[in-house]
Every structure is written in C-alpha cells, then in structure tokens.
Amino acid sequence: MSKIRRYSIGTFMDTGAVISKLPKETGEIPYLKRIQRMELKKSDKEPQEEMVQRDEMVYHLSFQDRIYGLGENVRGINKRGWLYESNCTDDPNHTESKHSLYGAHNFFVVDGRETFGVFLDYPGKLILDMGYGQMDEIRIVPQDWNLDVYILEGGSILEIVKSFRKLIGRSYIPPKWAFGYGQSRWGYQSAAEIREVVKGYRENGIPLDAVYLDIDYMEGFKDFTIDKERFPDFPKFAEEMRKEHIHLVPIIDAGVKIEEGYEVYEEGKKNGYFCKDQEGKEFVGAVWPGKVHFPDVLNKEARKWFGQKYQGLLEQGIEGFWNDMNEPAIFYSEKNLEQVLKKIKSMKSRNMDMWEVFAFRDIVNGLANNPKDYSSFYHEIEGKKICHDKVHNLYGFGMTRAAGEAFEELEPEKRILLFSRASYIGMHRYGGVWMGDNQSWWSHLLLNLKMLPSLNMCGFLYTGADLGGFGSDVTEDLLLRWLALGIFTPLMRNHSALGTREQECYRFTQTEVFRNLIGIRYGLMPYLYSEYMKAALKDEMLFMPLAFVYPEDAHAREVEDQLLVGESIMIAPVYTQNAGGRYVYLPEPMKLVRLKDMEHIETEVLEQGHYYIEISLEEVVFFIRPGKIVPYTKAEQYVKEIPAEELRLMHFEAEGLEYELYQDDGFEKDYENPEHFKRLGVK
Ligand code: GLC
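Structure follows, in structure tokens:
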C-alpha cells in the first residue's frame, strides 16, 4: 500500500507540480530531521571566518542505502556520493564535476534500511547533498524555508514512483510521428539546405520523420518570425515537406529581441508582459539576437499571450516545437556588461601576473548566467512582485506551459510535439525534455542511458539526448553505437552544434548500416509505442534500472549500464570505443536477440549469469525477459507507413503468453478508448 504525506514549511507558493492537492500534515516530518548546525564561513565584513548557523534537513544513511531519482542530472543511476544543486543551468559541459544541468527535479527515493520517497516542491535553488559532505548523510538545504515536503511510502520503489507519478499527473503524449527518427543541426540556413538533408536521407533509404529548425530559420533570431529570403513561402515549403512525410520542428527561444516595430516586442512592452527590474523597467538581458526582454511566463496573462504567439507557426503548417534557452540563459545583462567593460578599461597592467589573469578571466566568464542577474529581475505572480531567483526553476516550465496551454485551446483535438530544455516537475504534463548540449563523447552515451530512468521517475517520459553528441566532432562508430541506444529512446534525434563535424547519417561510409539500424527503430515501433503509451496512461516507468525490477538480486542492484525498456526488453548498449562487445549481467534467463535488420534476426536463450556478448557495429542486441512478447513489423521509411496489421512476434519460449498492444491513429487524443488496447497471444 502506498501512502503520501504532505508537510508545509513556511509560506508555500503553488508551483503547479502536483495535481492532487493533499491536506497538510501536522507534526514532525518522518525520515528527515530538521537541525541547526554551526558552520565556519568566510565573512563579507571581517578578514577572518565567522560562525554562522545553518538550517538543514538530514537523513542518516546506512551502508547499504541507495538513492535514485533527481531527474536530469550528472553521475550515476544511484545518486549517492555527490552534491547536487537543484538549479536550472545552461552549461554545455556535462562533466562529473558539475552539480546541476538544465532541469530541477527534486524527487528521489532512498532504498535500503528503509525505503521511502521525498519530493521537495520548491522553485528556488536547493542543495541536495547525497552523502558528499558526509558519506552517511543526506543533507537538504533550500535557499529559504518556504517549501512543501512530500514523503512517500510503498511496498517497492516502483510502487512509490507510481504513486508519485499519480500525484503529479499524466505525462505528456506526443504525436506518433515524433517517435520517428529526426535530423537536426544548428546551422541549417535555408529551405534549400533542408531539402538537401531530406534528399540525403530519402535517396539512401534511411528512415526520417522530422527535420528540426534551429535559430537560423528566424529573421535576426526573433521568435515567431521566419526569414523570408532564406525560407520564401514557408507554408508551401512546410506542405512540400509534409508530402515527403517530413515534419518541420522549429525552435523557440525564451528571450524576445528588443527591436522597434517587431510585433512580439511591441505587444509585450505595451502590455507589461516582460520581467522587470527593481525600478520597474523591463529587465535587459542578451541572448542570440543581442538585447532581449524575458516574457513573464509565470504571470498568467503574460503566459497566455506568449502561448498564443505559437499560433502563427501552427497556421503555417507546423506541428511541433522545441523550447530553448529557458533556464533562462543570459549571455550578459545590460547592467553587468557596462560594469565589466568599465572594470576592464581600468585594468592598467599589460603584464598581468597569475592572480590578475585569473581575476580577468573570472570577470569575463561571470558575464553569462550570473547569479546577480537572476536576483535583479522580477515576476508578477498573482499580484505579487517576486524576485526571479526565488522561482528560477519554474521559468522553463512556465514557457512550455504557455505553449501547452495554448495548444489545448488552438488545437484541442490534435497532439502537438513539444519539448523543452529547462524544466521542473509539472512541466512533464505539457511536454518532454531533451538532455541539452551534450558532447560527442563516449561517456555521454552512457550518461544518456543513466538519465533515462531518473527522468521517468520525475514524469518525463518523452525524452532523449542529442544522438551523436551536440558539441565536439563525432566519429562514425560513436554515432552508430549511440543510435543503437537511441533506437529505444522516445525522442530519437541526431543534433549537432554549429562548427562541429557534419553528423547526418548519409555523410558517413556505412550507409547501409545506418539504414538498417534506424530501420530497426521503425520495426520495433509496435512494441516501443505500446510501451510508451501504457507507461504514460498507467503512470509507470518506461526505462527501469535493474535494481527496481530485481530488488533481491545483489548484482542487479549494482548494474549502472543496462536498463529494462517496458515489460519485455532489457538493453545493454556498447559505450566504449573500439569494443567488439561488452559484459552483460542477466538477472534471470533471457532470450538474446541479435538484429542486423528486421529480416535477419538471430536468437539464443541464455541462463541467468554474467556473459561477454559480442556486438559488432552493424548490430543491435537486446534481451527478452521470460514469459514476454515483443511485437514487431517491417522497417519503414516513416512512421505513417508502418502497417497496423502484419505484426510479428518475438518471444521467450513458452506457451500461453500474452501482450497488451496499444494502437491508435497517433494524433488524436482519445487515449483511453478501449479499442486501442488489443491482446496478442502465443498459444
Ligand atoms: C542551445 C541549444 C542547442 C541549439 C543552440 C542554438 O545551445 O541547447 O540545441 O542548437 O542553442 O540554438
């Protein structure tokens, strides 16, 4: 039996994370103890350190305790042993030394001596020390003590997660085409260039459903505009692409360019919809177009206005968007830049020593995403002026909610693709997330895998990383290996940064292998789509660590590089360069499936145990669990072509097996219609 209790500390602000408002409990919070500690801190006034009191919530960890969750984050599936900071951050270097990425997902489960879940509904910066300061202690330190603490109990981790997911509401469901393969790159300059990309895929028979439009489609990086010279007659172009079964997915950025005569700027300014500074003037930051204002998406009216702006693109044939730079990222603020330039001018020395060079570097690096800037602008939330740093983690959520709420109104019957970079729990009802600016590093392939279950725990089912890596130069083998994981992630998108090696699959030598690998995604779609839909409709996880499914198995509990995908499949992708295979742990007998394409499938039943499995660059390998079925079909060029009939079944040898298949038209919203659920069986 699962149980959720809510405790309120201080004045709580409704973040929109939960959908069922639980009554507040009185009395002590179970598991977490609120304590005060004295700490030595550098003083602002005195030369020596001073003693300060620090309030925190602590939990004493025993040796065997593991910690799971925290959504999009660095490090392992088991989060124990590091200090995380819940603070949506624009940082393209996702190294182990970092404390936060783009999302703020304050839900975790402790499993060991006691098993319980904690959700901290708090929109400001929050320290989650998971056994870093002291190895046997969880320490929770919010910026101020105004938050809701939810304590969740249940018979297992999966039960606790499910009850949490019920509390926060159903995960976002994209249109079915958004499960197809997508190609993206920062730098596609024109309709002509996009036609070339589509041609590259179609001519080589590599499946493709979407091409993403990065900032270059806009006129001067202005939201909701299209450069008319490089994209003449955009609706016609969108139509032409649709005929090729390609969906165009434009990016929308958080900052609105300050430019007289630009409609979005003029309207926002006239109606007071932008965030203001201390003096009540519009806050000026800078992003791609130079100086911008940030729409106050935490204000109901402004949010509605910003959401309605997506209509123009919907009317031109667009059916999906990605929301970006919504931590919000700030390259510099007008005020800070002035100060920095003054400081640099006053630096007389032309022979800087180490300290001066360090100081100089810090000044320049401190221009971007400066905490001082985040505490110098304000939102107006229900009549109250609230400093941004108090609600920082809600901005990406607010922007995506703006779009999601508008789509409900503008296209009530239709699913629109939507995902975002920054997020907070609650946003998962409006859209998915991609994992931001990773690098073409082998370690990021593994990080991609590790983030999948923790994101699922926090409600984010529609997710994926930039396959092949965003920054740095990809290698052909890295892209192939990454695609072999990407085949299983709901968002399967290859995206890369301006200036890096071109990463479209047809640019490499092994075209046939790319065709086959991506084809396998389409062949497995009956299974992958069914599992996604069931996970969304039943508040379940799509990607599960082995520890959640085999909690009694000491080996399984430590596996950090294999996952269960839905009810039937376990994956174990290769994530090291030049490896001809990898070690895999089978917690129970399983059927190894080896595919070169959807026509050449080899299988072998293996007993429980440790194995070295050879996996060449041309192959996808996965494992079917005992008693389970995987429905599949032929590889196709785009999602719409995938036949609803002609399903074939892979299964573990046994009789009387059953599988619940989910099939719908993929764009309407009558999710619960019983006709969508079909039973497949092996007699
Ligand atoms: C940000 C996004 C990246 C995009 C780039 C240019 O870095 O995370 O995906 O390509 O901006 O828009």
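Taking the numbering used here, the leading residue of the sequence shown gets 154, the next gets one more, and so forth.
In this text, a Cβ means the ideal position worked out from N, Cα and C, and glycines have one as well.
For the alpha helix (DSSP H) containing residue i, name the first residue and the last one.
i, result
"Arg674", "664–676"
"Phe317", "310–321"
"Gly596", "In the sequence as presented, Gly is not what sits at residue 596; that position holds Ser. From DSSP, the alpha helix (DSSP H) with Ser596 extends over 595–610."
"Lys831", "Not the alpha helix (DSSP H): Lys831 falls in the beta strand (DSSP E), residues 830–835."
"Val702", "699–702"
"Met394", "387–396"
What is the DSSP secondary structure of residue i, counted as helix, strand or coil?
i, result
"Phe550", "helix"
"Cys540", "strand"
"Met507", "helix"
"Gln492", "helix"
"Gln336", "strand"
"Arg801", "strand"
"Lys749", "coil"
"His545", "helix"
"Asp714", "coil"
"Glu209", "strand"
"Pro328", "coil"
"Gly256", "strand"
"Gln464", "helix"
"Asn476", "strand"
"Trp235", "strand"
"Leu837", "With the chain represented from 154 up to 836, any question about residue 837 goes unanswered, as that position is not in the structure."
"Arg568", "coil"
"Pro295", "strand"
"Ile368", "helix"
"Ser499", "helix"
"Met283", "strand"
"Ile516", "helix"
"Gly557", "helix"
"Pro796", "coil"
"Ala807", "coil"
"Glu840", "Because the chain here runs from 154 to 836, residue 840 falls outside it and cannot be looked at."
"Gly421", "helix"
"Ala689", "helix"
Please state whether the Cβ-Cβ distance between residue i and residue j is less than 8 Å.
i, j, result
"Gly617", "Leu644", "yes"
"Asn452", "Glu533", "yes"
"Ile411", "Ala689", "no"
"Ile291", "Leu223", "no"
"Met552", "Asn476", "yes"
"Ala344", "Phe384", "yes"
"Ser593", "Gly621", "yes"
"Asp218", "Arg266", "yes"
"Gly353", "Tyr659", "yes"
"Pro742", "Glu720", "no"
"Pro295", "Val544", "no"
"Val746", "Met803", "yes"
"Leu570", "Ala331", "yes"
"Phe459", "Ala555", "yes"
"Ser161", "Lys177", "yes"
"Ser486", "Asn226", "no"
"Val445", "Ile640", "no"
"Glu397", "Arg338", "no"
"Pro704", "Tyr221", "no"
"Leu682", "Gly333", "Correcting the residue identity first, residue 682 is Tyr in this sequence and not Leu. Taking 8 Å as the Cβ cut-off, Tyr682 and Gly333 do not qualify as a contacting pair."
"Leu677", "Tyr685", "no"
"Ile182", "Ile304", "yes"
"Phe550", "Lys462", "no"
Mind checking which residues open and close the beta strand (DSSP E) that includes residue i?
i, result
"Asn647", "645–647"
"Pro784", "782–785"
"His446", "443–446"
"Lys194", "186–195"
"Arg355", "Here Arg355 belongs to no beta strand (DSSP E); instead the alpha helix (DSSP H) covers 344–356."
"Leu759", "754–759"
"Lys159", "Reading off the sequence shown, one finds Arg at residue 159, where the question assumed Lys. Where Arg159 is concerned, the enclosing beta strand (DSSP E) stretches over 156–162."
"Tyr415", "First-last for Tyr415: undefined, no H or E at that position."
"Glu767", "762–767"
"Pro403", "400–406"
Inter-stretch contact (C-beta, 8 Å, three-pair minimum) for the segment 203–221 and the segment 184–192: Verdict: yes, contact present.
Sufficient close CB pairs (3 or more, under 8 Å) joining the segment 759–770 to the segment 731–740: Result yes; three or more Cβ-Cβ pairs closer than 8 Å.
The segment 355–372 touching the segment 490–508, judged by at least three CB pairs closer than 8 Å: Here the segment 355–372 does not lie against the segment 490–508, with fewer than 3 beta-carbon pairs under 8 Å apart.
At least three beta-carbon pairs within less than 8 Å, the segment 448–462 to the segment 424–433: Yes, they touch.
Inter-stretch contact at 8 Å, needing at least 3 Cβ pairs: the segment 668–682 / the segment 782–792: Counting C-beta pairs closer than 8 Å gives three or more between the segment 668–682 and the segment 782–792, which meets the contact rule.
At least 3 beta-carbon pairs within less than 8 Å: the segment 234–243 vs the segment 251–265: Counting Cβ pairs under 8 Å, three or more are found: they touch.
Stretch pair the segment 517–531 + the segment 428–438: three plus CB contacts closer than 8 Å: The segment 517–531, when compared against the segment 428–438, does touch it at the 8 Å Cβ threshold.
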